[in-house]
Amino acid sequence: MRSGVPLGRPHRFHVDLPPAPVAGLVVNLAPPVAHQVARVLRMRSGDVVHLFDGNGGEWRAVIRIGSGNAVTATLDGFLAGPSPLGSVVLCLGLLKGEKFDWVIQKSTELGITHVIPMVTERSLPGSGRPDRWHRIAVEASEQSGRTTIPEITPPMPLRDALNFQSTHSGPGCRVICWEDERTVPFLAPVRLAHMTGAPVFLYIGPEGGFSATEVDLAVASGAQAVSLGTLILRSETAAIAAVTLAVHAN
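This note's numbering runs 6 ahead of the 1-based position in the sequence shown.
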């Protein structure tokens, strides 16, 4: 049984579907998915799976195991997905080792809509692993039951991440979590953004946090410095705490 899939619930897989698919459509499963179905899970013809396209659509489908490694799935009925949450964008400084992978996985499960990896003064050099991050987000979406997959951008400098909002999403709420901010609580501006339907951008520093210069840059660009509490959190902890609060703030 696939890890993380409760007993009695059909296995879910991300697939590419044409626009406006209809019942009866036969989908050829991509080799990695076909291998998972036939070789790893050892499913049989007639078994039911759920297929989602990553754009909000999910279908019940019946699989057929063909010769070799060929597996097809026939769409049987459209499924209503969970109600979409507000748009929350996590802008996170690159982290050491597999910590960033972990944040991608958990923030996807929590309902994040976008992730922007950031190159900051104290982050490690390197371009990151966008392809790996996308695979992690797909798997976390399959496991968690969401019908969309968060968009993960290539790593970019903090300055570009601060400008991303104005060029891609229009007006919204930008908060930079800073351990030296003691007066402005995190939820105050975030709740206001949810009330107006505006996207929320969360800026979290890497190990060592943001420099004072970076915080000044963010504030000058229109972001608001906020506090996540009196304790000093690791970057990955701060990211998950901020995402959880922001996604469910309304």
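Backbone N, C-alpha and C fix where the C-beta goes; we use that ideal spot for every residue, glycine too.
All figures in this text were calculated on a predicted structure; none of them were measured in a lab.
{"Asked": "Close beta carbons around Ser217, own chain, < 6 Å, minus the five adjacent residues each side", "Found": "Glu127"}
{"Asked": "Exposure of Val109, with buried meaning 16 or more beta-carbon neighbours within 10 Å", "Found": "buried"}
{"Asked": "Among Tyr209, Ser241 and Gln230, nearest to Thr189 - alpha-carbon criterion", "Found": "Gln230"}
{"Asked": "Simplified DSSP state of Ala76, which is helix, strand or coil", "Found": "coil"}
{"Asked": "Cβ shell of Ile71 (< 8 Å), same chain only, five flanking positions each side left out", "Found": "Val43, Ala44, Met49, Arg50, Ser51 and Val77"}
{"Asked": "Alpha carbon of Glu220 to alpha carbon of Leu164, nearest angstrom", "Found": "8 Å"}
{"Asked": "Status (buried if at least 16 other CB within 10 Å, exposed otherwise) for Cys122", "Found": "The amino acid at residue 122 is misidentified as Cys; the sequence shows Ile. Looking at its Cβ environment, which holds 16 or more other Cβ atoms inside 10 Å, Ile122 is buried."}
{"Asked": "Cα-Cα separation, Ile191 to Thr236", "Found": "Residue identity check: residue 191 is Pro in the sequence provided, not Ile. Each residue's Cα considered, the two are about 10 Å apart."}
{"Asked": "Spatial distance of Ser9 from Leu101 (CA atoms)", "Found": "Below a pLDDT of 50, predicted positions are generally treated as unreliable, and Ser9, at 42, falls in that range; no measurement from the model is reported."}
{"Asked": "Contact belief for Val253 with Gly117 at Cβ below 8 Å, rounded distance in angstroms", "Found": "5 Å"}
{"Asked": "Inter-residue Cα distance where the pair is Ile158 and Pro27", "Found": "26 Å"}
{"Asked": "Exposure label - Ala67; buried when at least 16 CB within 10 Å", "Found": "buried"}
{"Asked": "First through last residue of the alpha helix (DSSP H) which encompasses Pro38", "Found": "Pro37 to His41"}
{"Asked": "For Ala36 and Val232, the rounded distance between their alpha carbons", "Found": "45 Å"}
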